[in-house]
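Some notes on the structure that comes next.
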Amino acid sequence: MAKKQTKGFVIVASVRKGFYRYAKVLAESVRDFYPEANITFFTHEEWVEPEDYTLFDNIVTEGIPRHIRAKLWALNKTPYDITCYLDADMMCEHEDIQNVWDELPDDMDIVFTKNRPYNAKLTKLAEGEEMTCHCGFFIYRKNEATMNLMGAWYTEYLKQWEPDYDMQHYPEDARKWDTFTMWRLLTYGEKGVKWGYIKEPDARWNFVNGYHFEELQETDIVLYHHTIPQDKLD
Amino acid sequence: MTDLSVSSDTSVTQVFEEITPKKKYLNPYWSNKDNRHLIVTIELANGQHSMASIQDPEGTNPDMKAVLEQYTEEEIDANTQEGLDRRNENIKRQMERRESQLTRAKQEALFNCKLEAFEVDAIKNSKNTELKRMIRKSKSIMEVQAYATILLMKELENGKEAD
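From first to last, the protein sequence lines stand for chains A and B.
Under our numbering, the first residue of the first sequence is numbered 52, with each subsequent residue one higher.
Under our numbering, the first residue of the second sequence is numbered 8, with each subsequent residue one higher.
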């Protein structure tokens with residue numbers, strides 16, 4: 052008999068305490084609609100409060116880098132067979148969150164929602180080269196290919212920041228985006244990963260502030276994605 | 008006394024008329040075709056550009072004549088249409104941007120309202136999942152406030168019963 056696959060959410064908060072506070076707001080909202088959800092939280096030990104152990108099933112503090120993209124470090128350390136990564140600045144608004152796992156087809160390793168160019172700071176890199184995957188929410192399967200991808204995501208992101216890194220013909224603005232790293236990996240690297248997009252209306256799974264409501268195609272928002280104001284980050 | 012020397016060369020030097028380089032007229036378009044009113048960019052000999060308005064209701068304006076030597080009426084009509092299309096596109100884009108900003112602000116306000124509701128201890132710690140979900144699902148600030156009030160009232164009633 053096949054072993055039952057474990058499924059859970061991964062949330063990461065590092066560097067600025069606002070992310071930790073908002074990560075808890077997110078976890079509480081997920082719990083309100085999905086009480087039995089597995090949620091693993093990667094954060095700094097000194098921030099953890101005793102009640103966090105009732106909110107999260109698993110809290111990982113060991114080795115977490117003090118880095119704005121600590122999420123990339125955490126992704127291949129997921130304890131689940133199928134993981135739904137959530138940016139800390141999201142909020143759950145619907146019980147369909149319980150069915151999020153159905154969005155990852157059996158023949159896929161990782162699925163993303165699509166970037167909306169009208170609402171993104173940067174999507175087009177060059178003629179015919181566009182960052183189409185939104186990296187604030189995605190669902191992935193634990194296998195060798197995706198674990199390698201996630202590992203490479205972090206190391207390649209770090210490389211991208213090195214002064215001698217050649218940005219080639221890509222805009223300098225792209226350097227700071229982990230989306231750019233993922234785009235590079237999916238386009239020119241890790242060929243073994245079977246990736247795709249969440250079927251429409253994908254926007255309901257990652258409804259970013261500023262999206263047009265028509266994107267929902269008469270459905271409800273499951274996860275709302277906001278931007279934490281700078282003054283609330285510390 | 009100073010010696011006065013007079014040149015013995017009596018040949019004639021031809022003096023050419025100084026020719027002012029012609030102005031170039033760029034991108035003319037009708038401001039009002041019926042009144043023969045054109046707007047055109049003039050490129051001067053030194054490369055400087057200036058915008059000019061040429062009106063010629065009587066058909067006597069030399070500038071209008073010069074423009075029409077350089078461009079056909081069809082070309083000016085096409086420029087006019089192109090400009091109108093560009094302007095309409097800009098207006099459309101501006102309106103979309105404004106609408107987008109409004110939507111964003113509205114969404115942010117709703118989100119902040121939900122956040123504030125869940126900062127109230129009685130709501131945050133309530134076991135009334137049904138009403139908490141309704142607050143989270145609310146599509147307007149009014150809805151958030153209404154459900155938050157109902158939840159608070161229920162919590163107060165529960166508190167009274169427990170006493």
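Glycine is no exception: its CB is placed at the ideal position from the N, C-alpha and C atoms.
7 Å Cβ cutoff met for residue 196 of chain A and residue 247 of chain A: Contact check for residue 196 of chain A against residue 247 of chain A fails: the beta carbons are separated by 7 Å or more.
Exposed unless 16 or more other CB atoms sit within 10 angstroms - verdict on residue 182 of chain A: Counting Cβ neighbours within 10 Å, residue 182 of chain A comes out buried, since at least 16 surround it.
is_contact[residue 261 of chain A, chain B] using C-beta, thresh 7 Å: At a cut-off of 7 Å between C-beta atoms, residue 261 of chain A counts as an interface residue with respect to chain B.
Distance CB(residue 144 of chain A)-CB(residue 275 of chain A) smaller than 7 Å: yes
Within chain B, the residues that residue 141 of chain A reaches when beta carbons sit closer than 7 Å: What residue 141 of chain A touches in chain B: nothing, since even the nearest Cβ is about 10 Å away.
Contact set for residue 238 of chain A: own chain, Cβ-Cβ below 8 Å, skip 5 residues either direction: Sequence-distant Cβ neighbours of residue 238 of chain A in its own chain, meaning closer than 8 Å and more than five residues away, are 180.
Anticipated Cβ contact below 8 Å, residue 236 of chain A with residue 212 of chain A, distance rounded: Between residue 212 of chain A and residue 236 of chain A the Cβ distance is about 16 Å, and since that is not below 8 Å, they are no contact.
Residue from A/127, A/137, A/225 whose Cα sits closest to the Cα of residue 78 of chain A: A/137
Three-way DSSP call (helix, strand, coil) for residue 35 of chain B in this model: strand
Proximity test, Cβ basis, 7 Å: residue 55 of chain B and chain A: no
Status (buried if at least 16 other CB within 10 Å, exposed otherwise) for residue 166 of chain B: exposed
Opposing strand residues paired with residue 102 of chain B [DSSP bridges]: Note: residue 102 of chain B sits in no beta bridge, so no partner.
When A/192, A/110, A/198, A/187 are compared against residue 260 of chain A, the one with the closest alpha-carbon: A/187
Cutoff 7 Å: residue 152 of chain B Cβ touching any chain A Cβ: no
Cβ neighbour criterion (16 or more within 10 Å) applied to residue 169 of chain A: exposed
Boundaries (first-last residue) of the beta strand (DSSP E) holding residue 62 of chain B: 56 to 62
Given 8 Å, three or more beta-carbon pairs between the stretch 89 to 101 of chain B and the stretch 153 to 166 of chain A: Counting Cβ pairs under 8 Å, fewer than three are found: no touch.
Burial state of residue 147 of chain A (16 or more Cβ within 10 Å): It counts as buried.
Rounded separation between residue 63 of chain B and residue 50 of chain B - CA only: 20 Å
Residue 115 of chain B to residue 279 of chain A span [Cα, whole Å]: 10 Å
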